[in-house]
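**Q**
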Amino acid sequence: MRAVTLLAVGCLLAGLALGCGSRRGQGSRPRASSGEAGTSSGALLAIGLPQLPVQLDPLQGGGDVWAQRLVRGNVVEALFDRGPDDRAVGRLARAAEWRDQGRTLRLSLRRGVRFHDGRELTSAEVAAALDQVLRARSVNPLLRLALADIAQVTTPAADVVELRLTRVNYQLPRALAALPIVGRARAVDAHGAAGAGRPAHAMVVGTGPYQLGASAAPGTLLLRRFAGYWGAPPAIASVELRAVPDAAHALGALRNAEIDVLAALHPGYYPAEVSGSRFDRRFFLRRLRPHQLRLLWFNLRRRLLDDRRVRLALARLADGAALATALGGEVQPLGRVLWGPWGSAVGGAGGPAPIDGAALLNWSGWQRKGGGWRQRDGRVLVLRLLCAREGPGRQEAEQIARRLREAGVGVSVELGDFGFVRVQLQRGNFDLALSGLTVPGDDELALYLHSDGALNFAHYESSAADAVLDALRTALPETDRSPWHARLLQLLAEDPPWAGLYVPRELSVVSRRVEGWADDGQWPELATLRLRAN
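For the sequence shown, the numbering used here puts the final residue at 550, and the numbers step up evenly by one.
(1) Please state whether the Cβ-Cβ distance between residue 348 and residue 519 is less than 8 Å.
(2) Suppose the cutoff is 8 Å on Cβ atoms and the five residues either side in sequence are ignored; what does the same chain contact list for residue 358 look like?
(3) Tell me, to the nearest whole angstrom, how far the beta carbon of residue 316 is from that of residue 322; I am working on the premise that it is less than 8 Å.
(4) With DSSP collapsed to three states, give me the class of residue 263.
(5) Straight-line CA distance for residue 533 to residue 90?
(6) Assuming residue 542 and residue 250 are in contact, meaning their beta carbons sit under 8 Å apart, how far apart are those beta carbons, in whole angstroms?
(7) State the start and end residues of the unbroken beta strand (DSSP E) segment that holds residue 63.
(8) Please report the distance separating the alpha-carbon of residue 311 from that of residue 140.
(9) Starting from residue 148 and walking both ways along the alpha helix (DSSP H), at which residues does that stretch end?
(10) What residue range does the alpha helix (DSSP H) around residue 109 cover?
(11) Should residue 495 go down as buried or exposed, given a rule of 16 or more other Cβ atoms within 10 Å for buried?
(12) Compute the Euclidean distance between the alpha carbons of residue 537 and residue 384, then round it to the nearest angstrom.
(13) In angstroms with no decimal places, state the Cα-to-Cα distance between residue 517 and residue 339.
(14) Confirm, please, whether the CB-CB distance from residue 326 to residue 382 is below 8 Å.
(15) Tell me, which residues are paired with residue 249 by DSSP?
(16) Buried or exposed: where does residue 469 fall if 16 or more other Cβ atoms within 10 Å of its Cβ makes it buried?
(17) Can you round the beta-carbon distance between residue 333 and residue 423 to whole angstroms, since I take them to be within the 8 Å contact cut?
(18) Which partner residues does residue 527 have in the DSSP bridge list?
(19) According to DSSP, is residue 439 helix, strand or coil?
(20) Whole angstroms is fine: what's the gap from residue 262's alpha carbon to residue 398's?
(21) When you compare only the Cα positions, how much space is there between residue 461 and residue 187?
(22) State the Cα-Cα distance for the pair residue 441 and residue 158, rounded to the nearest angstrom.
(23) Please classify residue 404 as buried or exposed, where buried requires at least 16 neighbouring CB atoms within 10 angstroms.
(24) Determine the contact status of residue 125 and residue 109, defining contact as a CB-CB distance below 8 Å.
(25) In the DSSP assignment, the alpha helix (DSSP H) including residue 290 goes from what residue to what residue?
(26) By Cβ distance below 6 Å, which residues in the same chain neighbour residue 555 in space, the five residues on each side in sequence not counted?
(27) In three-state DSSP terms, what is residue 313?
(28) For residue 540 and residue 75, I'd like the C-alpha separation in whole angstroms.
(29) Of all the options 285, 408, 271 and 296, which has the alpha carbon lying nearest to the alpha carbon of residue 342?
(30) Of the choices 66, 515 and 512, whose alpha-carbon is the least far from that of residue 269?
(31) May I ask you to report which of helix, strand or coil DSSP gives residue 106?
(32) Any heavy atom of the ligand MN closer than 7 Å to the CB of residue 498?
(33) Here's a check: name, in chain order, each residue in its chain whose Cβ is nearer than 7 Å to the Cβ of residue 135, leaving out the five neighbours to either side.
(34) Please name the residue or residues paired with residue 514 in a DSSP beta bridge.
(35) Please check if any C-beta of chain B sits within less than 8 Å of the C-beta of residue 156.
(36) Got a sec? Which residues, its chain only, sit under 8 Å from residue 160 by beta carbon, not counting five neighbours each side?
Here it is, written out as structure tokens:
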């Protein structure tokens, strides 16, 4: 089983998130022209961040979630975007044709597209990007798994790429939305050259409406409108990314109009500091769809956990709502397994059954005798809980362990660094394990839930779930997938491989001089925004 990036709550996402392809295609929302009445076409949009991303190349696995949000669709583009309905929408690919009963995908590239350094986009650049991901020493092992059905890449013409697959996978275009087509990158500091003792940033060369440039001020990065962009020009000429690490200072900078967008509001300021009529006159709030969720994995190969009633009881006793409260508002309870737009659309539940956890244990035959640990058939219910010591991991583990012990479940907590936890998950050397998971789309679920999924750490085996996942993979793009979604959510609710605990609370505060920011839970493509003239 290949390595997978694990997340600690409160830390920015390390590694390219599956499903992080831009959610807006060219056909999903028209871009504003730079000369629209009442807007300023030459103005500067200032965005405040807790810190500047160091790795801006989204093809590399080390980029954080803000690097992904700021660069994707703005500086770099993919062959496809994910549209509002989560379907693939062509971006750099102007046409896609399925051949050989779904075993070959022929892509025709958009003509007239140039990189920021002037080079024309050709099939060779697309093949090179795929090679970096698919080769044995992949720059992004997680993305490699998502594209693992690609067996061969050929370039029959300068604007044509053919992908031959090992099996039918009509969802591949959605997976390709996570593959940025990136040109060369060079390291520069905030003043335009790598300097001794000064942090360097990878300056990515893409095809997007903005290109990365050097800012005159330290602690900032500049995005400049790319004059050679193939699409409609952005209304805003420049975007400055400013590092404002102090949360109070960042909120003050927004109120003083030093920045236009506070990208990540500290949860401690919500809602008291961002509500009321005075606030509403000057600003608006945007909730971002959580990019990760916190899970308690169950190892189904352990005899103590092969009874689904025991897992349902443990999920209930873990109590994600209580954990969220203990973390002081920085996260919010999951309540059910959150899978993004498709899960919300079908309204399915994925959380534990609404029955008391202790009662479920009694029902499954695990009885508590004399106030000690629960027993059944001469065996004692004692489990090992694995967790990373970084971040709030220790606090989480101890709180979950305490609640389980109060219900008569013996728990020993084992802490280690992220590398140790990753290895133990891969080897199946755990009973329970706390980790984060990038919120996947339905096309990525097979990695975690299919019986032969490369990241199926729970060793979840369900012929019914396998059938649903295979049906999703082979369904034609125009097929209504919601019946399968509902069925899968039902299966997860009845026989859970994990307990969903909570998700980060992510809020952005935006000045009302910024127009065009949709309230859809997504970080916007900056080219869709406008600035109201003063």
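Glycine residues also receive a C-beta, built at the ideal position from the N, C-alpha and C atoms. Computed from a predicted model, the values in this text were never measured in an experiment.
**A** Put simply:
(1) Along the sequence shown, read from residue 1 onward, the residue named residue 348 stands at position 332. Along the sequence shown, read from residue 1 onward, the residue named residue 519 stands at position 503. Taking the C-beta atoms as reference points, residue 519 is found nearer than 8 Å to residue 348.
(2) Here residue 358 is taken as the residue at index 342 of the sequence shown, counted from 1. At residue 358 the pLDDT is 40, less than 50, meaning the model places this residue with poor confidence and gives no usable figure here.
(3) Taking the sequence shown and counting its residues from 1, the one referred to as residue 316 is at position 300. Taking the sequence shown and counting its residues from 1, the one referred to as residue 322 is at position 306. Correct: roughly 6 Å between the Cβ atoms.
(4) The sequence position of residue 263 within the sequence shown is 247, counting from 1. The answer is helix: DSSP assigns residue 263 an H, G or I state.
(5) Walking along the sequence shown from the start, residue 533 turns up at place 517. Walking along the sequence shown from the start, residue 90 turns up at place 74. The alpha-carbon atoms of residue 533 and residue 90 are separated by roughly 15 Å.
(6) Locating residue 542 in the sequence shown gives position 526, counting from the first residue. Locating residue 250 in the sequence shown gives position 234, counting from the first residue. Cβ atoms of residue 542 and residue 250 come within 8 Å of each other, at about 7 Å.
(7) Translated into positions along the sequence shown, residue 63 becomes position 47. 60-65 is the span of the beta strand (DSSP E), which, as asked, contains residue 63.
(8) If you number the sequence shown from 1, residue 311 lands on position 295. If you number the sequence shown from 1, residue 140 lands on position 124. Straight-line Cα distance between these residues: approximately 40 Å.
(9) Mapped onto the sequence shown, residue 148 falls at position 132. Element bounds for residue 148: 139-150.
(10) Reading the sequence shown from its first residue, position 93 is the one you call residue 109. Judged by DSSP secondary structure, residue 109 falls outside any alpha helix (DSSP H) and instead within the beta strand (DSSP E) spanning 109-115.
(11) As a position in the sequence shown, residue 495 is number 479, starting the count at 1. Exposed, by the Cβ-count rule.
(12) Against the sequence shown, residue 537 aligns to sequence position 521. Against the sequence shown, residue 384 aligns to sequence position 368. The alpha-carbon atoms of residue 537 and residue 384 are separated by roughly 46 Å.
(13) Start at 1 with the first residue of the sequence shown, and residue 517 comes out as number 501. Start at 1 with the first residue of the sequence shown, and residue 339 comes out as number 323. The C-alpha of residue 339 is placed about 8 Å away from the C-alpha of residue 517.
(14) Within the sequence shown, numbered from 1, the residue matching residue 382 stands at position 366. Within the sequence shown, numbered from 1, the residue matching residue 326 stands at position 310. Yes, the pair counts as a contact, with Cβ atoms nearer than the cut-off.
(15) Working through the sequence shown from its first residue, we reach residue 249 at position 233. DSSP lists no bridge partner for residue 249.
(16) Taking the first residue of the sequence shown as position 1, residue 469 is located at position 453. When all chains shown are included, residue 469 counts as buried.
(17) Translated into the one-based positions of the sequence shown, residue 333 becomes position 317. Translated into the one-based positions of the sequence shown, residue 423 becomes position 407. The beta carbons of residue 333 and residue 423 sit about 5 Å from each other, so the pair counts as a contact at 8 Å.
(18) By 1-based counting over the sequence shown, the position of residue 527 is 511. Per DSSP, the beta-bridge partners of residue 527 are 299.
(19) Translated into positions along the sequence shown, residue 439 becomes position 423. DSSP places residue 439 in helix when its eight states are reduced to three.
(20) Counting from 1 along the sequence shown, the entry for residue 262 is found at position 246. Counting from 1 along the sequence shown, the entry for residue 398 is found at position 382. Linking residue 262 to residue 398 through their CA atoms gives a straight-line distance of about 44 Å.
(21) To locate residue 461, count along the sequence shown from 1; it is residue 445. To locate residue 187, count along the sequence shown from 1; it is residue 171. Roughly 12 Å between the two C-alpha positions.
(22) Numbered from 1 along the sequence shown, position 425 holds the residue referred to as residue 441. Numbered from 1 along the sequence shown, position 142 holds the residue referred to as residue 158. As the crow flies, the alpha-carbon of residue 441 is around 15 Å from that of residue 158.
(23) The count along the sequence shown starts at 1 and reaches residue 404 at position 388. Buried, by the Cβ-count rule.
(24) Counting from 1 along the sequence shown, the entry for residue 125 is found at position 109. Counting from 1 along the sequence shown, the entry for residue 109 is found at position 93. In this structure, residue 109 lies closer than 8 Å to residue 125 by Cβ.
(25) Numbered from its first residue, the sequence shown carries residue 290 at position 274. Counting along the chain, residue 290 falls outside any alpha helix (DSSP H), and DSSP gives it neither H nor E.
(26) Here the chain has residues from 17 to 550 only, and residue 555 is not among them.
(27) Along the sequence shown, read from residue 1 onward, the residue named residue 313 stands at position 297. Judged by DSSP in its simplified three-state form, residue 313 adopts strand.
(28) In the sequence shown, the residue the question calls residue 540 occupies position 524. In the sequence shown, the residue the question calls residue 75 occupies position 59. Their backbone Cα atoms lie some 20 Å apart in a straight line.
(29) As a first step, residue 342 is located in the sequence shown; it is residue number 326 there, counting from the start. Relative to residue 342, the option among 285, 408, 271 and 296 whose CA is nearest is 408.
(30) Your numbering for residue 269 matches position 253 in the sequence shown. The candidate whose alpha carbon is nearest that of residue 269 is 66.
(31) For the purposes of this step, residue 106 is taken as the residue at position 90 of the sequence shown. Residue state for residue 106 is assigned as strand, using DSSP reduced to three classes.
(32) With respect to small molecules bound, the structure shown includes none, and the ligand MN cannot be examined in it.
(33) Locating residue 135 in the sequence shown gives position 119, counting from the first residue. Short of 7 Å from the beta carbon of residue 135, and not among the five residues preceding or following it, lie these beta carbons of its own chain, in chain order: 199.
(34) One-based indexing of the sequence shown puts residue 514 at position 498. According to DSSP, which records beta bridges pairwise, residue 514 is partnered with 313.
(35) Checking the listed chains, one finds no chain B in this structure; it contains a single protein chain.
(36) Locating residue 160 in the sequence shown gives position 144, counting from the first residue. For residue 160, the CB contacts under 8 Å within the same chain, skipping 5 residues up- and downstream, are 18, 149, 150 and 154 in chain order.
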